[in-house]
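Residue numbers (my numbering): 1410 to 2364. Notes follow once the structure below has been shown.
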Amino acid sequence: MHIIRKILVNFAALNHQTATQTMEYNFLEIEQKWKKYWTDHKVYKVNNDFNKPKYYVLDMFPYPSGAGLHVGHPLGYIASDIFARFKRNCGYNVLHPMGFDAFGLPAEQYALETGQHPADTTEKNIARYKQQLNNIGFSFDWDREVRTSDASYYKWTQWIFLRLFHSWYDRKANKARAISELETIFKTEGNKNNTSPADETLSFSADEWKAFSQAEQRSILMQYRLAYQGYAQVWWCEALGTVLANDEVVNGVSERGGHPVERKNMRQWFLRITEYAERLLSSLDTLDWSEPMKEMQRNWIGKSTGAEVKFKLSDSSHEITVFTTRPDTIYGVDFMVLAPENELVAIITTDAQKAEIEKYISYVKSRSERERMAEVKTVTGCFTGAYAEHPLTGNKIPVWISEYVLAGYGTGAIMAVPSGDDRDHKFAKHFNIPITNIFGDLYDGENAYTDKSGKIMNSDFVSGMDVKEAMNAVIDRLESNSRARRRINYKLRDAGFSRQRYWGEPFPIVYIDDVPYATDEAEVTALGLPTSLPVELPMVKNYKPGPEGQGPLANVTDWASPLPEVKVTRETNTMPGYAGSSWYFLRYMDPGNDAVFASKEATQYWNQVDLYVGGTEHAVGHLLYSRMWTKALCDLGEISFDEPFRKLLNQGMIQGSSRFIYRVKGTNQYVTAAKRKDYDTNDIRVDVNLVDGTELNMGGLRKWRPEYESAEFITDDDGKFYCGSEVEKMSKSKYNVVNPDDIVHQYGADTFRMYEMFLGPIEMSKPWDTKGIEGVHRFLKKMWRLYCDEQTGCIVNNDAATDAELRVLHKTIKKIREDIEKFSFNTCVSQFMITVNELSTLNCHKRAILEPLAVLISPFAPHIAEELWHMLGNEGTVVSAAFPEFNSQYTTDNSKVYPVAINGKTRCEMEFALDADAAFVEAEVLKNETIAKWTEGKAPKKFIYVKGKMINVVI
RNA sequence: GCGGGUGUGGUGAAAUUGGUAGACACGCUAGACUUAGGAUCUAGUGCUGCGAGGCUUGGGGGUUCGAGUCCCUCCACCCGCACCA
């Protein structure tokens, strides 16, 4: 089957010359011609023409993986390209750039396996991506391309990092300020008006500040900086001697080699995004994003109001501080739970419990946060032997540790109220901890009462109060003796910014006696080290990790220790993937600038991204970081807007559809899907490109891999072999990747573009299926035949259009304009099909209709539109033609065929003028034979006439 | 577990936001033209029934003259969860 198709395609290719003469739709030739024209004439070149109104359409730039582009990638790019072209036709100066997120883990993993340098493989992958993108006919201005791995780009990533390093967040002014200003404040008033976001207990006077050593001062400033150092847990694999990403840990062991892994604390860089939590939350309201997307960010930021309560420990001077959203339930506290990582655990554990606690902690080290949160059925925990004192009753409360309390959230400790919280309840039941009921009959003894309605009982002075009252009363009482304070807590955590990897941006940081300094600080200048950016990533030959889990850069001794005699070392970690992608939209505005990341004029003009298109998988990562960077740059006066993406359009994911064959165990026989139940078989994935629908190309399989060379097939009764199928992520390893190049070669880029849009709403996920593309291809051929007879060539005439033809055209213009603005591209394609069908029926070959139609379809199918536009004798390019306007004279009707229903069931249709009055309509309807039959002479109880919609008779 | 989403013919889907469910396509069936066809054209195609008709938007319930759309409830599937990008 497949072979026959190939032969026919080749046969068609051989006939190209005759095809040209017969003027049939020769997409290969047309598309090649116009692609060349667009490139040669730099048609998509964008100038910073500040006099024209601007529109900025941005795609999430791709990571250039070794597998190349698959048919899922272009979905969003096609949508944004249509919109960009549309806006351009509407007279805007449209910025629609593309680039590459080129640093990342896969290139490094590939380097470890093959020894090829990531710079080389990345270069190759980018070349392939560009060629694939160009094949689809996008209107990118490649002169503005950016690559995050270019030194000329990451120079500015490093520069922004240093701006964050040199800044702190002034909570009163609610903005970032220079750290030098904070030093001035410390010199005059200490930190009494500016508590550290990292350590609220930190307190010093102006005199104390001045008395601190430089190292002490710097360590205090580190508690304020927006880019700072702290500690975080990473996956550590002893056997591989390396830190692993979450993705590299599968089922609790390393993906490579299956070695055991555990959590390890490491010094890391962080971005203090939590200082922006409130602004990131509140300015969501100003954005034109989908409500679910905003909801996801809100939940991620996770604002909750409640109280921080301190519990004294019996027999110890330490205290446990907890955050609770339900201070009203304080009389129901039956035990306390610390995160196993909480520093207090080591201090308070009694000798008797030590062994058991250590055993439990080592178990927790092997568990991911995900597992810890998800597996609620199995309750685990361990008693520390210590007791806390209830702040109001003074009762002794046992202190436990358990994995369900996470160190990174809140204070890493909770007060457990089993009668009012599900997890606490399960825990108490499991460990037989007595439960205090503070809800009276509302608590049934079997399940926690988590509802916030009803009265609090059995709770001393708050008994009988409702939740809100009790909350305030409890906090007031506790506040009066300094045991609590009102507090807002965020789930959002500071962003880890260090990776123990090679293929990323080096930090512009050097350590002098283990104290970190920015490369632009005086201390570094004094050493004679270069202070200018970029700090270039040195070329290396091996990518193995450094000692003690440091990044590979630690092995480049002359780079990592430039001045060994004075104990000066460089930071050998690199920045994470999201560093470069947090600000790339700014670089496109002025990509060549060597003096600044983008000129003020350029950022002022292009301003916010008007439309940002990309997948929901970035909902809380990239989009949140990018928003924070933008706010920081705005605070520091570098740009004049504090939100990067005004409108966001989320495209759905195109999934792969994998094909399976079934091998009879222990043989080289394969059985068709329907008969596999009769045999004992293994499922095996085969290349989806060897399958037509579900029908396997058996000869193709034999040639695919040597192990199938002598395969025997147990076919279906019709002699064909059918595969099973399953929807999965599109990936190389699942053999379900479909390359857009193949589709473009077989049907053309215009068909491909329109087919991807025709698949369904842009935001919906769906599996790829090439079946159905024929319909779109047929449509383009049919449209072609309106303009061009296959024998005689162009058949467009200059006759005046009829009213019917004008109505078709103007209704189409209206519909297409509206649907593009709504990003409803699938219905645009339907409309084009309807229009072409109607014009074919009308036998319309008139310029007055067909010339606007060519412009109308040009954002969707630019190649054929350009060809038709020129066939009509136009000069220049359809890219800069004016988008047609509709005339409402041709889009409004003055009568309507109403559905007439009896009791809501449509029984017939009747036509009335749109301005017909109700009495007339009612009389006419009741006269109607069909209606009379259904009403059986009964007088209607009610007559409903909705103008322009429908008529309903209730009997 | 938490958060977000989705569910409509054999298939992809449409439905001016409460007003004719299934537009537009794929596939399938029959036919025309043709040396030929996976080109092109015509007709049919949700299910059920001889028919008038009845049934139908994941299941159940509700509001309404009227529900795919609103409310309640249950189920199934997909995506994300902080070091993949």
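Note that CB positions come from ideal geometry on N, CA and C, so glycine has one too.
Asked	Found
Beta-carbon gap between F2269 and M2166 smaller than 8 Å	yes
Short Cβ contact (8 Å threshold) for P1606 with E1684	yes
Expected contact under 8 Å - CB spacing of E2318 and V2330 to nearest Å	Going by Cβ atoms, the distance from E2318 to V2330 rounds to 13 Å, so no, they are not a contact pair.
Reduced DSSP category for T1978 - H, G, I as helix; E, B as strand; rest coil	strand
Three-way DSSP call (helix, strand, coil) for V2238 in this model	helix
Whole-angstrom distance between Y2071 and R2085, CA atom to CA atom	7 Å
Complete beta strand (DSSP E) runs within the region 1639-1664 (minimum length 3 residues, chain order)	1651-1653
Cα-Cα separation between K1754 and G1821, rounded to whole angstroms	It should be pointed out that residue 1754 corresponds to Val in this sequence rather than to Lys. Straight-line Cα distance between these residues: approximately 11 Å.
Proximal residues to A1615 (C-beta, below 8 Å), its chain only, five neighbours per side dropped	F1595, K1596, T1597, E1598 and G1599
Nearest-angstrom Cα separation, counted from L2105 out to K2342	57 Å
Separation of G2184 from F2321, as counted between CA atoms	37 Å
Separation of R1895 from N1377, as counted between CA atoms	No statement about residue 1377 is possible, as the shown extent of the chain runs from 1410 to 2364 and does not include it.
Exposure of A1520, with buried meaning 16 or more beta-carbon neighbours within 10 Å	buried
Distance between W1443 and H2272 (C-alpha atoms, nearest Å)	6 Å
Distance, E1878 Cα to E1717 Cα	17 Å
Buried or exposed by the 16-neighbour rule on C-beta atoms within 10 Å, applied to P2261	buried
N- and C-terminal bounds of the alpha helix (DSSP H) containing T2012	K2009 to W2015
Through-space distance from E1798 to G1715, alpha-carbon basis	21 Å
Enclosing alpha helix (DSSP H) for W1618 [first to last residue]	A1615 to A1620
Anticipated Cβ contact below 8 Å, A1837 with D1737, distance rounded	That belief does not hold up - the Cβ atoms of A1837 and D1737 are roughly 19 Å apart, past 8 Å.
Simplified DSSP state of F1570, which is helix, strand or coil	helix
Ranges of the beta strand (DSSP E) found wholly within the region 2279-2363, counting only runs of at least 3	2304-2311, 2314-2322, 2351-2355 and 2359-2363
Which listed residue (P1800, C1791 and W1644) has its alpha carbon closest to that of K1719	P1800
DSSP bridge partner residues for W2113 (one or two, in chain order)	DSSP lists no partner for W2113.
Whole-Å CB distance - Q1706 paired with L2033, under 8 Å assumed	6 Å
Straight-line Cα distance separating G2157 from F1436	6 Å
Opening and closing residue of the beta strand (DSSP E) in which L1504 lies	N1502 to L1504
Which of helix, strand or coil DSSP assigns to N2206	strand
Residue(s) in a DSSP beta bridge with S1713	N1898
CA-to-CA distance, R1580 to E2378, given in whole angstroms	Only positions 1410 to 2364 of the chain appear in this structure, which leaves residue 2378 out of reach.
Spatial neighbours of S2008 in its chain, beta-carbon cut-off 7 Å, leaving aside the 5 residues before and after	D1999 and N2002
Sequence-distant residues of its chain with Cβ nearer than 8 Å to G1905 (five each side left out)	A1641, Q1677, W1678, F1679 and P1985
Identity of the residue in Y1987, F2161 and E1647 nearest V1480 by Cα	F2161
Beta strand (DSSP E) segments (min. 3 residues) lying fully within the region 1463-1551	1463-1468 and 1502-1504
Beta-bridge partners of A1825, as assigned by DSSP	F1744
Segments of 3+ residues assigned as beta strand (DSSP E) that fall wholly inside the region 2097-2179	2121-2123 and 2133-2137
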